[in-house]
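S.K.:
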Amino acid sequence: PYRNSPLALYERSEGELWVKRHGDLMCRSTTTTAQPPAITDRGAVESFSRERGTRYRWGHVSVPFGRYSLTPTPWRTGDTALLVSTLHSTGGTIALEEPQVLTCVTIASDEVTGEPVFVPDPEMGALVSYVKEWCFIHPSSTGVWSHRDSLGCINLFKRPGENPNDYDTFWGWIEEHGLTREPLALVVAPFEELAGEGAEELPRTLTLEGL
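The numbering used here numbers the first residue of the sequence shown as 3 and each following residue consecutively.
Next comes the structure, spelled out in structure tokens:
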């Protein structure tokens, strides 16, 4: 759930060879709402529900391993974010090989101990979908944990008034190379698969097929 996924910018050199131009920045690519909340998360869950006026659901899928298209779009902070879409599309929707099952929770009392526990809400059925909508790379001011920013997007740290910050650095890479109107792709893969066992950063070159 923390920012421990290296992110870098690569440019195609020729054919399937890509050369690293900038990196590495640490992003969060793993959702913190994939599993049911623990009772220690009660305050965060109640705050999420109260402020959004909605019930809390868990079971969100992160951006799965694969290749995607990126499209600039306005973000609520005034920054420019990037929609993450199935390759060669632009709508911020990802087709999933395995379904995303969102389960609504409510707070109840344990029958034995009387302690509060989270249980599936009997009034709300699970939502099952083979698509993941509204996927972004976006800035987040949360240091480690946030139910608000943990629905499965990729985010980089940016807290108002703190400079330099990772998200501005990331967006600066894109502006520096004049890529705001150019086709961009996102490759999500296991770090060891790209960099090799024992590596500490992403490699200088990559061979990427299908882009």
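Ideal placement from N, C-alpha and C gives every residue a C-beta, glycine not left out.
Among T75, L213 and V130, which residue has its Cα nearest to the Cα of H62?
M.R.: Within the sequence shown, residue 62 is the residue found at index 60, counting from 1. Answer by Cα proximity: V130.
S.K.: Tell me which residues share the same chain as G116 and place their Cβ nearer than 6 Å to its Cβ, disregarding the 5 neighbours each side in the sequence.
M.R.: Here residue 116 is taken as the residue at index 114 of the sequence shown, counted from 1. There are no such residues.
S.K.: Kindly indicate which residue of I96, E48, Q37 and G174 has the alpha-carbon position closest to the one of V190.
M.R.: Counted from its first residue, the sequence shown places residue 190 at position 188. The option with the nearest alpha carbon to V190 is I96.
S.K.: Between A201, K160, A197 and L208, which lies nearest to A83 when the distance is taken from Cα to Cα?
M.R.: Position 81 of the sequence shown holds residue 83. The candidate whose alpha carbon is nearest that of A83 is K160.
S.K.: From which residue to which residue does the alpha helix (DSSP H) around S49 run?
M.R.: Working through the sequence shown from its first residue, we reach residue 49 at position 47. R44 to R54 is the span of the alpha helix (DSSP H), which, as asked, contains S49.
S.K.: Assuming the contact rule is C-beta atoms closer than 8 Å, R218 and L104 should be a hit. Round their C-beta distance to whole Å, please.
M.R.: A query on residue 218 cannot be resolved here, the shown segment of the chain reaching from 3 to 213 and no further.
S.K.: With 16 as the cutoff for other CB atoms within 10 Å, does W20 come out buried or exposed?
M.R.: Within the sequence shown, residue 20 is the residue found at index 18, counting from 1. Label assigned to W20: buried.
S.K.: Taking the Cβ atom as the reference point for each residue, do T33 and L153 lie within a distance shorter than 8 Å?
M.R.: Within the sequence shown, residue 33 is the residue found at index 31, counting from 1. Within the sequence shown, residue 153 is the residue found at index 151, counting from 1. A contact, by the Cβ cut-off of 8 Å.
S.K.: Can you grab the Cα-Cα spacing for the pair P8 / A46, in whole Å?
M.R.: Within the sequence shown, the letter at position 6 stands for residue 8. Within the sequence shown, the letter at position 44 stands for residue 46. Taking the straight line from one Cα to the other gives about 27 Å.
S.K.: DSSP on T34, reduced to helix/strand/coil?
M.R.: Indexing the sequence shown from 1 puts residue 34 at position 32. Note: T34 maps to coil in three-state DSSP.
S.K.: Kindly indicate the opening and closing residues of the alpha helix (DSSP H) around E16.
M.R.: Position 14 of the sequence shown, counted from the first residue, corresponds to residue 16. Not the alpha helix (DSSP H): E16 falls in the beta strand (DSSP E), residues S7 to E16.
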